[in-house]
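Before any comments, here is the structure.
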Amino acid sequence: MRTLIRNAMCVLPTGTRKADVLIQDSKILGIDPPAGATVDETIDAEGLHLIPGVIDDHVHFRDPGLTHKEDLHSGSVACAAGGVTTFLEMPNTIPPTTTQEILNAKLDIAASKSLVNYGFYIAASTENLHELKNATRTPGIKIFIGSSTGNLLVDDQDALEAIFSETSLPITAHCEDEATVRANQARIAAAGYQGHSDHSQIRNHEAARIATARAVDLARRHNHRFHVVHVSTAEEIALFADHGNLLTAEACPHHLFFNVDDYERLGSRVQMNPAVKTKADNQALLKALLDGQIQVVATDHAPHTLAEKDQPYPQSPSGLPAVENSLALMLDQVHQGNCSLEQVVSWMCDAPARVWDIVSKGRITEGYDADLVLIDLNRKVTIRNANQKTKCGWSPWDGTTLTGWPVRTFVMGRTVFADGEFDFDHRGMEVVFEHDRGGYWKSAGPVARDVT
Ligand code: DOR
Ligand code: ZN
Numbered sequence: 007m008r009t010l011i012r013n014a015m016c017v018l019p020t021g022t023r024k025a026d027v028l029i030q031d032s033k034i035l036g037i038d039p040p041a042g043a044t045v046d047e048t049i050d051a052e053g054l055h056l057i058p059g060v061i062d063d064h065v066h067f068r069d070p071g072l073t074h075k076e077d078l079h080s081g082s083v084a085c086a087a088g089g090v091t092t093f094l095e096m097p098n099t100i101p102p103t104t105t106q107e108i109l110n111a112k113l114d115i116a117a118s119k120s121l122v123n124y125g126f127y128i129a130a131s132t133e134n135l136h137e138l139k140n141a142t143r144t145p146g147i148k149i150f151i152g153s154s155t156g157n158l159l160v161d162d163q164d165a166l167e168a169i170f171s172e173t174s175l176p177i178t179a180h181c182e183d184e185a186t187v188r189a190n191q192a193r194i195a196a197a198g199y200q201g202h203s204d205h206s207q208i209r210n211h212e213a214a215r216i217a218t219a220r221a222v223d224l225a226r227r228h229n230h231r232f233h234v235v236h237v238s239t240a241e242e243i244a245l246f247a248d249h250g251n252l253l254t255a256e257a258c259p260h261h262l263f264f265n266v267d268d269y270e271r272l273g274s275r276v277q278m279n280p281a282v283k284t285k286a287d288n289q290a291l292l293k294a295l296l297d298g299q300i301q302v303v304a305t306d307h308a309p310h311t312l313a314e315k316d317q318p319y320p321q322s323p324s325g326l327p328a329v330e331n332s333l334a335l336m337l338d339q340v341h342q343g344n345c346s347l348e349q350v351v352s353w354m355c356d357a358p359a360r361v362w363d364i365v366s367k368g369r370i371t372e373g374y375d376a377d378l379v380l381i382d383l384n385r386k387v388t389i390r391n392a393n394q395k396t397k398c399g400w401s402p403w404d405g406t407t408l409t410g411w412p413v414r415t416f417v418m419g420r421t422v423f424a425d426g427e428f429d430f431d432h433r434g435m436e437v438v439f440e441h442d443r444g445g446y447w448k449s450a451g452p453v454a455r456d457v458t
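This note's numbering applies: residue 7 is where the sequence shown begins, and numbers increase by one.
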């Protein structure tokens, strides 16, 4: 099967220009193929931009265990609608992904029901070092250095030293200092909870800074690849900046666009871990992305039902859905003049592939997988809870109008989403990692592309 996408403005590694892209089966066969090449389907994309599919390397899809919130089918449909062609899913499912056997079972579930491509992290527990040392078919190891949703806390220094010294997969961690969080919680509980905004006083700046500093110290002493997820404070940035590819970092849309002022309007809908901080932190995160100190934008998509969220604090669970709106949120930043389209592509498509050693994804390049998204930079849509594809059925951005939306999503050469319609029969593929092919992270190319 050959498909020719004609006349789109293509965001290529060498720059953005009008080009024709020829797809054969699941691969990009060539850019600007010779005239007269035989094709089965021609798509005229005049007026649209073509970008690599978004790789959301931080989602929680709840399958198995809590599939009333989300499952690998509903989550993948939301991905397709949002221009996300690959997700990497976190291990705090039930059971938690602490063994190769459990991980392989998740890969099987995804193969049976995910529309888009998929991969799964393995979780550190206090007793699975052997599994972590031998794990395959995974982007890397997730450690909950601070506790969050689930029961995966690894706080003991000796256990952490062993993981960083004895394993070779890249590591990421949830960084909020457990002792600080518990002390804040005890103090605030004793005074009486006031509402959801208590969350930001419990999971405060200090909690994030202490835990991120601790993880960065481990990574540096053991010379171990480490990715700092959901950076929420300005103070954390200095801790990991300028360490080449040893340390990379992620910002999430909710930490870029929400802050403590939003509790009044949105209550528990903006309750997540790490908690939202201040407007100054929002601005520092965007600046760090623009400066290349943070390389990745990913969602931390963490669905809970509204019935669960609507409970009073602290019964309300932490987390919010975002996977189908993250690309549009960032394209709207392009529309507002706050960043370039090339930067968005670097943060959401290219850098996640480099961080996790993903083979043949994240760029529009000959021989790479045909995971592609056509976007309309002028399309204006108002986000509505009723239109969300995530099973939890709501968005913290309900009522927000954004300019710039994905209109067609290709996964491995096949259209899975176009003009509001899905190909529900399509199945994505398991992501392949360089580290399973004998390549170790040190051989990976630069994470941040030089884009302006
Ligand atoms: O707010 C959050 N929700 N943060 C996490 O770290 C986990 C997530 C979840 O799984 O609900
Ligand atoms: Zn998370």
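From the three backbone atoms N, C-alpha and C, an ideal C-beta is built for every residue, glycine too.
Asked: Contacting residues, own chain, Cβ-Cβ under 8 Å from Ile370 (five flanking each side not counted); Found: Cys16, Val17, Leu18, Pro19, Val27, Ile34, Ile37, Leu56, Ile57, Pro58, Leu378
Asked: Contiguous alpha helix (DSSP H) assignments of at least 4 residues, all confined to the region 70-105; Found: 78-88
Asked: Ala240 versus Asp63 - alpha carbon distance; Found: 22 Å
Asked: Closest residue to Val473 among Ser32, Ile381, Val302, Pro101 (Cα-Cα distance); Found: This structure does not reach residue 473, given that the chain is present from 7 up to 458, and the question cannot be answered.
Asked: Option nearest Asp338 by Cα separation, candidates Glu314, Gln317, Trp411; Found: Trp411
Asked: Gly152 vs Ala87 beta-carbon contact at 8 Å; Found: no
Asked: Spatial distance of Asn265 from Lys293 (CA atoms); Found: 16 Å
Asked: Status (buried if at least 16 other CB within 10 Å, exposed otherwise) for Glu172; Found: exposed
Asked: N-terminal and C-terminal residue of the beta strand (DSSP E) that Arg4 is part of; Found: No information on residue 4 is available, as it lies outside the stretch 7 to 458 that the chain covers here.
Asked: Buried or exposed by the 16-neighbour rule on C-beta atoms within 10 Å, applied to His66; Found: buried
Asked: Close-in-space but distant-in-sequence residues of the same chain around Thr388 (CB under 6 Å, 5 per side omitted); Found: Thr407
Asked: Where Met15 sits in the DSSP three-state scheme; Found: strand
Asked: Span of the alpha helix (DSSP H), counted from its first residue to its last, around Val253; Found: Per the sequence shown, the amino acid found at residue 253 is Leu instead of Val. No alpha helix (DSSP H) holds Leu253; the beta strand (DSSP E) holding it covers 253-257.
Asked: Strand pairing of Glu427, partner residues [DSSP]; Found: Ala424
Asked: Through-space distance from Lys395 to Gln342, alpha-carbon basis; Found: 26 Å
Asked: Endpoints, beta strand (DSSP E) assigned at Ile34; Found: 33-37
Asked: Check whether Phe126 and Thr144 have beta carbons under 8 Å apart; Found: yes
Asked: Proximity test, Ala328 beta-carbon vs ligand 2 heavy atom, cut-off 7 Å; Found: no
Asked: His236 beta carbon less than 8 Å from that of Asp306; Found: yes
Asked: Cross-strand partners of Val387 (DSSP beta bridge); Found: Leu408
Asked: Thr155: CB within 7 Å of a non-hydrogen atom of ligand 1; Found: yes
Asked: Proximity test, Ala308 beta-carbon vs ligand 4 heavy atom, cut-off 7 Å; Found: Judged by which ligands are present, ligand 4 is missing from the structure shown, whose ligands are ligand 1 and ligand 2.
Asked: Terminal residues of the alpha helix (DSSP H) in which Leu224 lies; Found: 211-228
Asked: Whole-angstrom distance between Glu52 and Val45, CA atom to CA atom; Found: 18 Å
Asked: Within 8 Å, strictly: CB atoms of Ala376 and Gly419; Found: yes
Asked: Beta-carbon proximity of Leu253 to Val234, cut-off 8 Å; Found: yes
Asked: Cα-Cα separation between Thr178 and Gln317, rounded to whole angstroms; Found: 31 Å
Asked: His249: CB within 7 Å of a non-hydrogen atom of ligand 2; Found: no
Asked: Own chain residues within Cβ distance below 6 Å of Ala450, not counting five before or after; Found: Residue confidence for Ala450 is low, a pLDDT of 41 falling below 50, so the modelled location carries little weight; the figure read from the coordinates is stated next. Result list for Ala450: Arg360, Asp363, in chain order.
Asked: Inter-residue Cα distance where the pair is Glu76 and Pro327; Found: 10 Å
Asked: Bridge partners - Asn123, DSSP secondary structure assignment; Found: Thr92
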